[in-house]
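Below, the structure is given as C-alpha coordinates:
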(Lines of atoms letter the chains of each structure in order from A and count residues from 1; the text may use other names and numbers.)
(Lines give C-alpha, C1' and ligand atoms only; values in the text may rest on other atoms or scores of the structure.)
Protein backbone atom coordinates (compact mmCIF):
# COMPACT_ATOMS: atom_id res chain seq x y z
CA UNK A 1 0.00 0.00 0.00
CA UNK A 2 1.40 3.39 -1.02
CA UNK A 3 0.81 6.95 0.13
CA UNK A 4 -2.48 8.44 -1.06
CA UNK A 5 -2.15 12.25 -1.25
CA UNK A 6 -5.94 12.56 -0.97
CA UNK A 7 -6.10 10.83 2.44
CA UNK A 8 -5.19 12.10 5.89
CA UNK A 9 -1.60 11.64 7.05
CA UNK A 10 -1.04 11.16 10.78
CA UNK A 11 1.82 13.37 11.87
CA UNK A 12 3.77 13.54 15.10
CA UNK A 13 7.19 14.78 16.01
CA UNK A 14 9.74 15.11 18.76
CA UNK A 15 12.53 16.91 16.91
CA UNK A 16 12.06 15.16 13.56
CA UNK A 17 8.73 14.86 11.71
CA UNK A 18 7.19 11.36 11.59
CA UNK A 19 4.39 10.46 9.19
CA UNK A 20 2.05 7.48 8.95
CA UNK A 21 -0.96 6.74 6.76
CA UNK A 22 -2.62 3.49 7.78
CA UNK A 23 -0.78 0.48 6.35
CA UNK A 24 1.36 2.46 3.90
CA UNK A 25 4.89 1.10 3.53
CA UNK A 26 7.54 2.95 5.55
CA UNK A 27 11.31 3.18 5.21
CA UNK A 28 12.91 3.87 8.58
CA UNK A 29 16.49 4.39 9.78
CA UNK A 30 17.87 4.66 13.28
CA UNK A 31 21.41 4.93 14.56
CA UNK A 32 23.69 4.21 17.47
CA UNK A 33 24.09 7.16 19.83
CA UNK A 34 27.70 7.81 18.83
CA UNK A 35 27.20 7.40 15.08
CA UNK A 36 26.21 10.92 14.00
CA UNK A 37 25.50 14.22 15.80
CA UNK A 38 21.75 14.70 16.30
CA UNK A 39 21.99 18.30 15.09
CA UNK A 40 23.20 17.08 11.69
CA UNK A 41 20.25 14.71 11.38
CA UNK A 42 17.74 17.40 12.36
CA UNK A 43 19.18 19.88 9.86
CA UNK A 44 18.83 17.40 7.01
CA UNK A 45 15.30 16.48 8.12
CA UNK A 46 14.23 20.13 8.05
CA UNK A 47 15.61 20.49 4.53
CA UNK A 48 13.69 17.40 3.45
CA UNK A 49 10.43 18.68 4.94
CA UNK A 50 10.81 22.05 3.21
CA UNK A 51 11.56 20.34 -0.11
CA UNK A 52 8.47 18.12 0.20
CA UNK A 53 6.27 21.14 0.95
CA UNK A 54 7.63 22.85 -2.16
CA UNK A 55 7.13 19.70 -4.26
CA UNK A 56 3.63 18.32 -3.60
CA UNK A 57 2.60 14.91 -4.89
CA UNK A 58 2.50 13.36 -7.39
CA UNK A 59 6.22 13.60 -8.16
CA UNK A 60 7.69 13.37 -11.60
CA UNK A 61 10.48 10.88 -12.23
CA UNK A 62 13.01 13.71 -12.01
CA UNK A 63 11.59 14.93 -8.70
CA UNK A 64 11.76 11.40 -7.31
CA UNK A 65 15.40 11.13 -8.34
CA UNK A 66 16.18 14.51 -6.81
CA UNK A 67 14.55 13.50 -3.52
CA UNK A 68 16.51 10.25 -3.40
CA UNK A 69 19.78 11.99 -4.25
CA UNK A 70 19.42 14.83 -1.76
CA UNK A 71 17.97 13.03 1.21
CA UNK A 72 18.33 9.25 1.12
CA UNK A 73 21.76 9.13 -0.49
CA UNK A 74 22.90 12.32 1.23
CA UNK A 75 21.95 10.95 4.64
CA UNK A 76 23.62 7.64 3.90
CA UNK A 77 26.88 9.30 2.88
CA UNK A 78 27.12 10.82 6.35
CA UNK A 79 26.51 7.47 8.06
CA UNK A 80 28.90 5.50 5.87
CA UNK A 81 31.85 7.36 7.36
CA UNK A 82 31.73 4.75 10.18
CA UNK A 83 31.45 7.19 13.04
CA UNK A 84 31.55 5.83 16.58
CA UNK A 85 32.25 2.43 18.05
CA UNK A 86 30.31 0.55 15.32
CA UNK A 87 28.97 -2.10 17.71
CA UNK A 88 27.03 -3.86 14.97
CA UNK A 89 30.22 -5.10 13.40
CA UNK A 90 29.86 -7.90 15.97
CA UNK A 91 27.55 -10.72 14.87
CA UNK A 92 26.18 -11.54 18.33
CA UNK A 93 25.05 -7.94 18.79
CA UNK A 94 23.44 -7.80 15.35
CA UNK A 95 21.58 -11.01 16.19
CA UNK A 96 19.81 -9.19 19.02
CA UNK A 97 18.58 -6.50 16.63
CA UNK A 98 17.44 -9.15 14.13
CA UNK A 99 15.51 -10.89 16.90
CA UNK A 100 13.75 -7.64 17.79
CA UNK A 101 12.78 -7.04 14.16
CA UNK A 102 11.41 -10.54 13.59
CA UNK A 103 9.50 -10.76 16.89
CA UNK A 104 6.20 -9.25 15.66
CA UNK A 105 6.78 -9.79 11.93
CA UNK A 106 3.44 -10.86 10.44
CA UNK A 107 1.49 -9.69 13.49
CA UNK A 108 2.07 -5.98 14.11
CA UNK A 109 3.89 -5.33 10.85
CA UNK A 110 5.29 -7.02 7.74
CA UNK A 111 9.01 -6.76 7.04
CA UNK A 112 10.03 -6.44 3.41
CA UNK A 113 13.77 -6.05 3.90
CA UNK A 114 16.32 -4.74 6.36
CA UNK A 115 20.04 -4.24 6.77
CA UNK A 116 21.96 -3.89 10.02
CA UNK A 117 25.06 -1.84 9.26
CA UNK A 118 27.96 -1.30 11.70
CA UNK A 119 26.39 1.83 13.22
CA UNK A 120 22.81 2.06 11.93
CA UNK A 121 19.77 0.07 10.79
CA UNK A 122 17.51 0.42 7.72
CA UNK A 123 14.09 -1.26 7.59
CA UNK A 124 11.37 -1.30 4.91
CA UNK A 125 8.13 -2.45 6.51
CA UNK A 126 4.34 -2.18 6.51
CA UNK A 127 2.51 -1.50 9.80
CA UNK A 128 -0.64 -3.58 10.23
CA UNK A 129 -4.01 -2.51 11.60
CA UNK A 130 -3.88 0.16 14.27
CA UNK A 131 -0.21 -0.38 15.14
CA UNK A 132 1.65 2.91 15.31
CA UNK A 133 4.99 3.72 13.71
CA UNK A 134 6.42 5.26 16.86
CA UNK A 135 5.37 2.30 19.03
CA UNK A 136 6.86 -0.23 16.60
CA UNK A 137 10.19 1.57 16.35
CA UNK A 138 10.41 2.17 20.09
CA UNK A 139 9.74 -1.52 20.77
CA UNK A 140 12.62 -2.50 18.46
CA UNK A 141 14.98 0.00 20.05
CA UNK A 142 13.93 -0.71 23.63
CA UNK A 143 14.31 -4.50 23.39
CA UNK A 144 17.62 -4.31 21.55
CA UNK A 145 19.09 -1.72 23.92
CA UNK A 146 18.15 -3.76 26.98
CA UNK A 147 19.59 -7.00 25.65
CA UNK A 148 22.74 -5.44 24.18
CA UNK A 149 23.50 -3.56 27.40
CA UNK A 150 22.95 -6.78 29.34
CA UNK A 151 25.33 -8.65 27.03
CA UNK A 152 28.01 -5.97 27.36
CA UNK A 153 27.51 -5.40 31.09
CA UNK A 154 26.77 -1.74 30.50
CA UNK A 155 23.94 0.74 30.97
CA UNK A 156 22.86 4.02 29.44
CA UNK A 157 21.67 5.16 26.05
CA UNK A 158 22.49 2.97 23.08
CA UNK A 159 20.53 4.75 20.34
CA UNK A 160 20.09 8.27 19.11
CA UNK A 161 16.76 9.38 20.54
CA UNK A 162 15.21 10.06 17.15
CA UNK A 163 14.79 8.05 13.96
CA UNK A 164 14.37 8.97 10.30
CA UNK A 165 11.33 7.74 8.35
CA UNK A 166 9.71 8.16 4.94
CA UNK A 167 6.35 7.04 3.60
CA UNK A 168 6.61 5.13 0.32
CA UNK A 169 4.66 6.93 -2.37
CA UNK A 170 4.86 4.71 -5.46
CA UNK A 171 5.86 1.25 -6.66
CA UNK A 172 8.90 2.84 -8.25
CA UNK A 173 9.97 4.32 -4.93
CA UNK A 174 9.31 0.99 -3.19
CA UNK A 175 11.54 -0.83 -5.69
CA UNK A 176 14.23 1.84 -5.43
CA UNK A 177 14.22 1.70 -1.62
CA UNK A 178 14.40 -2.07 -1.52
CA UNK A 179 17.27 -2.07 -4.01
CA UNK A 180 18.99 0.62 -1.95
CA UNK A 181 18.80 -1.56 1.18
CA UNK A 182 20.12 -4.60 -0.68
CA UNK A 183 23.10 -2.68 -2.05
CA UNK A 184 23.83 -0.77 1.16
CA UNK A 185 26.54 -3.08 2.54
CA UNK A 186 28.36 -3.67 -0.76
CA UNK A 187 31.56 -2.02 0.47
CA UNK A 188 31.62 -3.82 3.82
CA UNK A 189 33.58 -6.92 4.73
CA UNK A 190 31.61 -10.18 5.07
CA UNK A 191 30.50 -10.80 8.63
CA UNK A 192 30.18 -7.11 9.52
CA UNK A 193 26.51 -6.66 8.53
CA UNK A 194 23.19 -8.51 8.41
CA UNK A 195 21.03 -8.28 5.27
CA UNK A 196 17.57 -9.84 4.94
CA UNK A 197 14.82 -9.77 2.32
CA UNK A 198 11.36 -11.33 2.38
CA UNK A 199 11.91 -12.53 -1.21
CA UNK A 200 15.15 -14.36 -0.49
CA UNK A 201 14.62 -15.02 3.24
CA UNK A 202 18.34 -15.47 3.89
CA UNK A 203 21.37 -13.61 2.62
CA UNK A 204 24.01 -12.94 5.23
CA UNK A 205 22.36 -14.72 8.16
CA UNK A 206 20.42 -17.96 8.75
CA UNK A 207 16.64 -17.82 8.50
CA UNK A 208 15.13 -16.95 11.92
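In my numbering, the protein residues as written are 20 to 227. C-beta: ideal position from N, C-alpha, C; glycine also.
| Item | Value |
| --- | --- |
| At which residues does the alpha helix (DSSP H) containing residue 194 begin and terminate? | 190-202 |
| Does the distance from the CB of residue 182 to the CB of residue 70 come in under 7 Å? | no |
| Buried or exposed: residue 136, going by 16 or more other Cβ atoms within 10 Å of its Cβ? | buried |
| In the DSSP assignment, find the unbroken alpha helix (DSSP H) run with residue 214 in it and report its ends. | No alpha helix (DSSP H) holds residue 214; the beta strand (DSSP E) holding it covers 213-216. |
| If you reduce the DSSP assignment to three classes, tell me which class residue 135 lands in. | strand |
| Please specify which runs of the alpha helix (DSSP H), each continuous and at least 4 residues long, are wholly inside the segment 147-183, giving them in chain order. | 152-171 |
| Return helix, strand or coil for residue 83, following the three-state DSSP convention. | helix |
| If I follow the unbroken beta strand (DSSP E) through residue 113, where does it start and stop? | Where residue 113 is concerned, there is no enclosing beta strand (DSSP E), although the alpha helix (DSSP H) it sits in stretches over 110-122. |
| Alpha carbons only, please: which of 154, 40, 185, 168 is nearest the one belonging to residue 106? | 168 |
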